[in-house]
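Report on the following structure.
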Amino acid sequence: MSSHSEGSGLGQQPPNFRLYIDESGDDSKPRAGNSGGQHLCLLGCLFEDKAYRTFHDELERLRREFFPEHHPDNPTILHREDMINRRGGFLALMDPLRSAAFDEALFGLIGGVNCNLIAAVINKEKCAAHFKARGIDNPDYYGNAYRGLLSRYAEFLHNRGASGTVLVEARGGRQDGILQRVHTVVLNHGIGQRTGLYFSQVIRPAELDVRAKSANISGLQLADLLCHPLKRLILQEAGEPDITLGRFAQSLVGILQPRLSMHETQAVENYGFLLSPKQRQNV
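Residues 5 to 287, numbered by the working numbering, are exactly what the sequence shown covers, in order.
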């Protein structure tokens, strides 16, 4: 049982943190020879409200500067795949000089952003084998990843005497329903020795906030940009074979690693990410 008092009333305080969550990969069954679809990552970008407002304003300035079509009624939404493939408003980046200037400005923005990161990476093939040995044929990859994020997030909030909310990018009816059910169950019943009250004191409301990409949420755009490169970085550091980092990920390594060590009172290496199933004693 946690050492925190479960009657402290932390949840009565106005929420002052928010966790913005996006994914890389999906929850489809792992297939032999499909190494690219073997891993699912959920990434949460954790912001205090004042820092988030500053980031939002800076991101808005960056988009106005580099994308002529960006407009409040028709925003250019930062989406990693659209940027890579120069789709939509990102056609402007076909100009090499503009592209180089944008990359420099984007890396500068990410480097200066005041947020922490929590990531859960699921090796679906190993996770399936792990659960099959325990008589479970269809493991809940999304649910397992999301429980890990909520557990870290709740501990982060308790450590600071704070409270917070969660905002997730919509993926589709089934996946969104899975996360909503897990969110509600955890806040009502807890995880392991931590009761539901431990979570509901600091995370609220019980209904998960799910937004479409078109809602133009700055925190979700940051999570979208970082989730895939961060997944590759975590897997490479964990010793997964044949994992290479692209140019974007290599440029972000020095920025991302410190933000994963987000809990200064927790003497655990790489506290900000989880691998499932566990591959190292200190993860």
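We put the beta carbon where it would ideally sit given N, CA and C, even for glycine.
Decide if residue i is buried, meaning its Cβ has at least 16 other Cβ atoms within 10 Å, or exposed.
{"i": "P100", "result": "exposed"}
{"i": "R57", "result": "exposed"}
{"i": "P143", "result": "buried"}
{"i": "Y112", "result": "Looking at the sequence provided, one finds Gly at residue 112 rather than Tyr. Counting Cβ neighbours within 10 Å, G112 comes out exposed, since fewer than 16 surround it."}
{"i": "D53", "result": "exposed"}
{"i": "G258", "result": "exposed"}
{"i": "G115", "result": "exposed"}
{"i": "I88", "result": "exposed"}
The ligand NAP heavy atoms versus the CB of residue i: any closer than 6 Å?
{"i": "F59", "result": "This structure does not include the ligand NAP; it has no bound ligands of any sort."}
Can you name the start and end residues of the alpha helix (DSSP H) that residue i belongs to?
{"i": "V190", "result": "177 to 193"}
{"i": "E241", "result": "222 to 241"}
{"i": "G168", "result": "Unbroken run through G168 is the beta strand (DSSP E), 168 to 173; no alpha helix (DSSP H)."}
Along the chain, where does the beta strand (DSSP E) containing residue i start, and where does it finish?
{"i": "H43", "result": "43 to 52"}
{"i": "R22", "result": "21 to 28"}
{"i": "D213", "result": "213 to 215"}
Could you check how far apart the C-beta atoms of residue i and residue j are, in whole angstroms? I think they sit under 8 Å.
{"i": "L50", "j": "F160", "result": "7 Å"}
{"i": "Q47", "j": "G29", "result": "The amino acid occupying residue 47 in the given sequence is Leu; Gln does not appear at that position. Between G29 and L47 the Cβ distance is about 11 Å, and since that is not below 8 Å, they are no contact."}
{"i": "Y146", "j": "L201", "result": "Going by Cβ atoms, the distance from Y146 to L201 rounds to 24 Å, so no, they are not a contact pair."}
{"i": "N20", "j": "A166", "result": "6 Å"}
{"i": "L224", "j": "D26", "result": "6 Å"}
Near residue i, which residues of its chain fall below 6 Å by C-beta distance, leaving aside the five closest residues on each side in sequence?
{"i": "D86", "result": "G92, F94"}
{"i": "R164", "result": "none"}
{"i": "I221", "result": "R215"}
Just to confirm my understanding: we take residue i, look at its own chain, exclude 5 residues before and 5 after, and list those with CB closer than 7 Å. What are they?
{"i": "A180", "result": "Here the sequence assigns Asp to residue 180, which means Ala is not the residue at that position. The answer, listed in chain order, is A174, V214."}
Is any beta-carbon of chain B found at less than 7 Å from that of residue i?
{"i": "F111", "result": "Given the protein chain composition of this structure (a single chain), no chain B is represented."}
(message) Assess contact between the stretch 193 to 213 and the stretch 224 to 239, defined as three or more Cβ pairs (one per stretch) separated by less than 8 Å. Is contact present?
(response) no
(message) For the stretch 71 to 88 against the stretch 149 to 159, do three or more pairs of beta-carbon atoms, one drawn from each stretch, fall closer than 8 Å, so that the two count as touching?
(response) no
(request) Determine, using beta-carbon pairs with one atom in the stretch 163 to 172 and one in the stretch 67 to 74, whether at least three such pairs fall under 8 Å. (result) no
(message) Closer than 8 Å is the cut-off here; do at least three beta carbon pairs connect the stretch 232 to 252 with the stretch 119 to 126?
(response) yes
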